[in-house]
């Protein structure tokens, strides 16, 4: 693997005290964590660009393993920090680090969705989520108070495409018949059909990072508002961790087609009509395929409980919480016993009244 080369990075000193400014979630400004000085972020007044997949697909890029990590040289304390991220913090003085130039072998982010949910709100949503978990151990309620909630931008691919799909299938019509004993039953008459459906897709979201469990990312996919984004600006990620993608665009495109085909199959069944539908085969033609790399915000709470690592995520746009939590075996046992007692008491009263 290639050795990392020193990476230039952005620094944003506070005009009041000289400390490093950080992006303040829920605003469009940088803020000093020490003296409170703020500086507005001036986003570019341009449309977020989509890139042609037909032009990009033939470009040879090195794999993630071949691209070395960034080696930040902190201009505040001169320490070296090696990181597989686009923004991080100095491990010695805590100063924020943001890449100034992206590796040409990687796709650079085109847009960013700034945090609209601040840390205080994220903690509040986590507390509500934890308190609403039935059968969770009582000790779990202390986790949010003792654990750090970290802000992270996760990379996502978004895909646009025009599709035209030819299909062959069968339309089923139910009808009533009587058997030899005179009993009525329902049967289905199948008729061969074929046709064409069209569907235009806009911003099909595919996670570009494997650092968060897919089952959580799937729950968040429908939550993102990809229209509330800004052209990428390094100031929007300063002070927050930004993960470099490890899902290449080729794999992202395959993931997008899987998501599109789920919708296309529904379109085919609707087009077939009738009471039941069978799809024999179909052929999707993808045209005008475009894509971009988008940075989306989440708050991450990771904690250890009974020797196991658990993870909870808060959507940085709307505050939605997804994750997992342990179960209290004793609470479940007591709930089952209580239910049995209630049922037993109900049967006893019922027999008394007979």
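Numbering (the numbering used here), first residue to last: 1 to 354.
Each residue gets a CB set at the ideal place from its N, CA and C atoms; glycine is no exception.
Just so we're clear, the structure is a prediction, and the values are computed from it rather than from any experiment.
- The DSSP-derived three-state label of residue 283 is strand.
- The shortest CA-to-CA distance from residue 252 to any of 195, 269, 119 and 155 is the one to 155.
- The C-beta distance from residue 119 to residue 73 rounds to 29 Å, too long to meet the 8 Å contact threshold.
- Judged by DSSP in its simplified three-state form, residue 75 adopts coil rather than helix or strand.
- Distance from the Cα of residue 235 is smallest, within the candidate group 277, 182, 178 and 153, for 153.
- About 17 Å separates the beta carbons of residue 210 and residue 294, which is beyond the 8 Å limit, so they are not a contact pair.
- Membership of residue 119 in the alpha helix (DSSP H) is indicated by the continuous run 119-131.
- Ranked by Cα distance from residue 274, the first of 108, 127, 40 and 174 is 174.
- DSSP places residue 151 within a strand segment (E or B) once states are collapsed to three.
- Residue 87 sits away from residue 69, with the two beta carbons spaced by 8 Å or more.
- In the displayed model, residue 48 falls within coil according to three-state DSSP, outside both helix and strand.
- Taken through DSSP and simplified to helix, strand or coil, residue 54 comes out as helix.
- Three or more Cβ pairs closer than 8 Å define a contact, and the segment 177-192 falls short of that threshold against the segment 216-223.
- Between the segment 256-273 and the segment 160-167 there are three or more inter-stretch CB-CB distances shorter than 8 Å, so the stretches are counted as touching.
- Put simply, the backbone Cα of residue 35 is about 12 Å away from that of residue 13.
- Excluding sequence positions up to five before and after residue 278, its CB lies within less than 6 Å of the CB of 169 and 170, all in the same chain and listed in chain order.
- Excluding the 5 residues flanking it on each side, residue 89 has same chain C-beta neighbours closer than 7 Å at 95, 96 and 97, in chain order.
- Counting only residues of its own chain and dropping the five nearest sequence neighbours on each side, residue 75 has a CB closer than 7 Å to the CB of 11.
- Of the residues assessed, residue 266 falls on the exposed side of the cut-off, its CB having fewer than 16 other CB atoms within 10 angstroms.
- Minimum Cα-Cα distance from residue 245 among the listed residues 42, 212 and 220 corresponds to 212.
- Residue 125 is classed as buried because its beta carbon has at least 16 other beta carbons within 10 Å across all chains shown.
- Non-local C-beta neighbours of residue 104 in its own chain, meaning closer than 6 Å and more than five positions away in sequence, are absent.
- For residue 29, the enclosing beta strand (DSSP E) begins and ends at 29-31.
- In the three-state reduction of the DSSP assignment, residue 263 falls in the helix class, which pools H, G and I.
- Closest option to residue 71, judged by alpha-carbon separation, among 53, 100, 55 and 38: 100.
- Residue 96: member of the beta strand (DSSP E) spanning 96-99, first to last residue.
- For residue 219, the enclosing alpha helix (DSSP H) covers residues 214-221.
- Around residue 92, the same chain offers 77 and 79 as residues with beta carbons nearer than 6 Å, after the five sequence neighbours per side are excluded.
- Residue 294 is bridged by DSSP to 111 and 156.
- For the pair residue 43 and residue 250, the Cα-to-Cα distance works out to about 30 Å.
- Rounded to whole angstroms, the gap between the alpha carbons of residue 172 and residue 224 is 38 Å.
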